[in-house]
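Peer 1:
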C-alpha cells in the first residue's frame, strides 16, 4: 500500500521489494527522476554479480582442463615424433659399436698371438 496524492494505491508484489540493501556499493545502481522529484529506483545486482563470478570460475577451470589435455596430447605426439625414432637410432648405434668392438677384439686377439 502506497499513498499517492492522498489516495492509497495497492502495488502487488511490494512485499517482495522490501529486501535488505546490498553490502557492496558496486551491486547498487540508482536511477533518479530528476531535480524536482523525490523518487528513485534501486537495482540490486547481487545475483548477476554472483553469476558472473561463477562463470569466471568455470572459465578458469575449463582453460585448465584444456591446457592439461593439450599438454598430454603434445607429450604423446612428441614421443612418437622424437623419442621413438631417437631410441631406434641409439639402438642401431649401439649395435654398430658392438660390432666394431667385437672386430677390434678379434683383431687384437689374433694379432697379439702372432707377435708372441
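In our numbering, the protein residues as written are 200 to 315. Virtual Cβ for every residue (Gly too), placed ideally from N, Cα, C. These numbers come from a predicted model, not from an experiment.
Rounded to whole angstroms, what is the Cα-Cα separation between residue 305 and residue 291?
Peer 2: Indexing the chain shown from 1 puts residue 305 at position 106. Indexing the chain shown from 1 puts residue 291 at position 92. Taking the straight line joining both Cα atoms gives about 21 angstroms.
Peer 1: Going by alpha carbons, who is nearest to residue 223 out of 242, 208, 207?
Peer 2: Working through the chain shown from its first residue, we reach residue 223 at position 24. Among 242, 208, 207, the Cα nearest to that of residue 223 belongs to 242.
Peer 1: Scan the stretch 242 to 312 and note each continuous alpha helix (DSSP H) run of 4 residues or more that stays entirely inside, going in chain order.
Peer 2: 245 to 277, all fully within the stretch 242 to 312.
Peer 1: Look up residue 228 in the DSSP assignment and give the residues it is bridged to.
Peer 2: As a first step, residue 228 must be located in the chain shown, where it is residue number 29. Residue 228 pairs with 242.
Peer 1: Take residue 315 and list the residues in its own chain whose beta-carbon comes closer than 7 angstroms to its own, dropping the five residues that flank it on each side.
Peer 2: Here the question's residue 315 lines up with position 116 in the chain shown. Interpretation of residue 315 is limited by its pLDDT of 40, a score under 50 that renders its predicted location unreliable; no figure is taken from the coordinates.
Peer 1: Using only the alpha-carbon positions, how far apart do residue 288 and residue 258 sit?
Peer 2: To locate residue 288, count along the chain shown from 1; it is residue 89. To locate residue 258, count along the chain shown from 1; it is residue 59. Taking the straight line joining both Cα atoms gives about 44 angstroms.
Peer 1: What is the rounded straight-line gap between the Cα of residue 225 and the Cα of residue 269?
Peer 2: The residue you call residue 225 lines up with position 26 of the chain shown. The residue you call residue 269 lines up with position 70 of the chain shown. Whole-angstrom Cα-Cα distance: 38 angstroms.
Peer 1: Do you know offhand how far residue 273's Cα is from residue 267's?
Peer 2: The sequence position of residue 273 within the chain shown is 74, counting from 1. The sequence position of residue 267 within the chain shown is 68, counting from 1. Roughly 10 angstroms between the two C-alpha positions.
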